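Structure first, then comments.
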Amino acid sequence: MNKPLFMHIVDQLSNEVLYFREKKDGLGRISLSPLQKCTAAIRVLAYGSAADAVNEYLQLGETTTRLCVENLVEGIIYLFGDEYLRRPTPADLQRLLDVGEYRGFPGMIGSIDCMHWEWKNCPTAWKGQYSRGSGKPTIVLEAVASYDLWIWHAFFGPPGTLNDINVLDRSPVFDDIIKGEALNITFSVNGREYHMPYYLTD
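Position in the sequence shown (from 1) plus 388 gives the number in my numbering.
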């Protein structure tokens, strides 16, 4: 994450979320700064480190770090959810279709793929449910992204989803199609007409 983006998030959280505002304790000492709290939460989320691992670096205990993570996630959803954590609107879909056609892919609304994240701190009792051939536990992330890196769908596969097809079977990404609520468009490829948008995948 670049510094201006991080500082924008810190600024927004400190202005809008009570937990991230500096306060004084009973002895008149100033509490942890919003920068310390956000840094602790981002380090835990970005590196998958334990909540007590930031103690030396940021002088936060395990309980406080957990509170920072919880409040950061809730604050991000509250502040940025309507803009970034949503399904595409009809206008968004039309823009994606226009860009896809301009790039030579008429009818394409994004790229879909799955990646396997190694879960180094996976509880021993769960390792069998999250392991595949390599023997190391992984969590599968399915994401749909547009040309400008807008990730408008993300789904973490539940236990037992060890490959891309299993994740797709459980993912809500195709729910609109199954319910018959999919966007109805018309485009042609090699003289053949199609009426449903598609995702590019490998």
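The beta carbon of each residue, even a glycine, is placed where N, CA and C say it ideally should be.
In this text the structure is predicted, and so the values were computed from the model without any measurement.
Exercise. Mind checking who residue 526 pairs with in its DSSP beta bridge?
Key: 506
Self-check item: Supposed contact pair residue 499 and residue 589 - C-beta distance, whole angstroms, cut 8 Å
Solution: 7 Å
Self-check item: Residues bridged to residue 580 [DSSP beta-bridge criterion]
Solution: 577
Quiz item: Grouping DSSP H, G and I as helix and E and B as strand, with all else coil, what is residue 405?
Solution: coil
Self-check item: residue 579 versus residue 569 - alpha carbon distance
Solution: 26 Å
Practice problem: Rank 451, 415, 436 and 392 by C-alpha distance to the C-alpha of residue 423 and give the top, closest one. | Solution: 392
Self-check item: Sequence-distant residues of its chain with Cβ nearer than 7 Å to residue 427 (five each side left out)
Solution: 446
Self-check item: Boundaries (first-last residue) of the alpha helix (DSSP H) holding residue 446
Solution: 443-446
Exercise. Could you round the C-beta distance between residue 535 and residue 487 to whole angstroms and report it? I think they count as a contact, below 8 Å.
Key: 6 Å
Quiz item: Less than 8 Å separating the beta-carbons of residue 497 and residue 484?
Solution: yes
Quiz item: Which residues does DSSP pair with residue 533 in a beta bridge?
Solution: 499 and 539
Self-check item: Own chain, CB closer than 8 Å to residue 412, minus 5 neighbours either side, in chain order
Solution: 418 and 419
Quiz item: By Cβ distance below 7 Å, which residues in the same chain neighbour residue 504 in space, the five residues on each side in sequence not counted?
Solution: 526 and 528
Quiz item: On the premise that residue 434 lies in contact with residue 457, defined as a C-beta separation below 8 Å, what is that separation, rounded to the nearest angstrom?
Solution: No, residue 457 and residue 434 are not in contact; Cβ-Cβ is about 11 Å, not under 8 Å.
Quiz item: Which residues mark the beginning and the end of the alpha helix (DSSP H) in which residue 467 is found?
Solution: 450-472
Quiz item: From what residue to what residue does the beta strand (DSSP E) around residue 550 run?
Solution: Premise fails: residue 550 is in no beta strand (DSSP E) and is neither H nor E.
Quiz item: Shortest alpha-carbon distance to residue 408 belongs to which of 414, 425, 449 and 572?
Solution: 425
Self-check item: Exposure of residue 552, with buried meaning 16 or more beta-carbon neighbours within 10 Å
Solution: buried
Self-check item: Endpoints, the beta strand (DSSP E) within which residue 588 is located
Solution: 586-588
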